[in-house]
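Residue numbers (full-length UniProt numbering): 1 to 277.
C-beta: ideal position from N, C-alpha, C; glycine also.
Take a look at the structure set out below.
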Amino acid sequence: MSERRFRFGYVLASKKVSSFIQDSLINHAQEKGIDLIPIDLNKPLIEQGPFDCIFHKLYGPEWRKQLEEFALQNSTTIIVDPIDAIEKLHNRISMLEVVNELKITGDNETIGIPIQIFVEGNSEESLFNAITRQGLHFPVIAKNLIANGTADSHQMYLVLKPEGLGELKPPIVLQEFVNHGGVIFKVYVAGEHVKCVKRRSLPDIKEEKLETLESLISFSQISNLTDQIDHSFDELIEKAEMPPLSFVNEVANQLKVALKLHLFNFDMIRDNKVGNR
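See the structure below:
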């Protein structure tokens with residue numbers, strides 16, 4: 001009797017397929033007894049399959065309806081990940097609230113989230129008043145409330161002075177900027193597997209330099225903030241100490257349970273003012 005093979009159906013936005021579903025991945029999966037099968041969006045999902053697992057990165061009411069209908073009739077198919085769980089991550093306020101509920105057991109490391117507020121008032125004054133009430137100080141990060149993979153949701157700004165608020169269009173999320181040495185730790189979680197890597201991030205901003213900078217800078221222009229050249233950032237990344245693996249694994253596993261997700265990633269930074277935070 002031949003060994004049983006597993007059928008994994010997948011659906012991604014067309015621009016993502018070529019970057020994710022490469023020949024090397026298809027071949028590796030086949031060697032492990034897994035057949036990667038593209039889901040045809042021109043046909044009802046319920047007419048396709050059978051699938052042992054469905055991996056999807058697609059949004060919208062029509063896809064949600066099809067996926068829910070398929071799940072009802074195919075209860076043994078694993079969905080990565082449930083739409084209800086994914087949609088909680090589309091709100092930049094609620095996506096971070098779960099971090100405050102984590103119970104980290106280590107004595108040396110702590111975890112928290114930057115101060116952030118959601119401002120609906122459509123005026124520069126309402127933005128400034130919100131910052132003042134919450135005790136935020138410039139610079140702050142400004143971004144859309146919704147994070148759903150669209151171009152607009154990825155547009156973010158660094159507001160360095162009060163004058164920069166006038167160029168923003170609420171509703172918007174304002175978040176504390178934390179100096180973190182120009183290095184970010186990206187953590188990837190796939191089931192029981194956790195991988196942490198170091199990547200280049202926003203440079204530190206010294207208070208005395210604020211007056212020499214523009215009032216508002218888009219993230220795409222952040223490179224103009226520093227005179228450091230690329231190899232200097234490479235040195236920063238190389239010298240940056242990785243967070244303890246036990247700490248990363250504990251955070252990842254608790255987030256996995258709290259968020260009810262199997263496949264996700266998150267970013268961590270080390271606060272310059274508090275070394276183990």
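DSSP links L36 through a beta bridge to F8.
L41 counts as exposed, since fewer than 16 other C-beta atoms from the protein chains shown sit within 10 angstroms of its C-beta. For the pair of segments examined, the stretch 178 to 187 was found to touch the stretch 240 to 253: the number of CB pairs separated by less than 8 Å reaches three.
Looking at L168, I113, G9 and A29, the one whose alpha-carbon comes closest to that of E47 is G9. CA-CA distance, F6 to E192, rounds to 19 Å. Rounded to the nearest whole angstrom, the C-alpha separation of E124 and Q22 is 47 Å. Between the beta-carbon of I39 and that of V17 there is about 11 Å, and that puts the pair past the 8 Å contact cut.
Sequence-distant Cβ neighbours of I131 in its own chain, meaning closer than 7 Å and more than five residues away, are V140 and L174. The distance from the Cβ of L145 to that of I93 is about 7 Å, consistent with a contact at the 8 Å cut-off. By the neighbour-count criterion, in which a residue is buried when 16 or more other Cβ atoms sit within 10 angstroms of its Cβ, R270 is buried. When K260, I117 and N249 are compared, the shortest CA-CA separation from T105 is found for N249.
In the structure shown, the three-state DSSP call for M268 is strand.
Residue environment: I26 is assigned as exposed (fewer than 16 neighbouring CB atoms within 10 Å of its CB, all protein chains considered). Within the same chain, S215 come within 6 Å of E163 by CB-CB distance, once the 5 residues on both sides are set aside. The C-beta distance from I115 to L136 rounds to 6 Å, short enough to fall under 8 Å. Here G182 is buried, its C-beta having at least 16 other C-beta atoms within 10 Å.
Straight-line measurement puts the Cα of T77 at about 49 Å from the Cα of R133. Beta-bridge partners assigned by DSSP to N91: I146.
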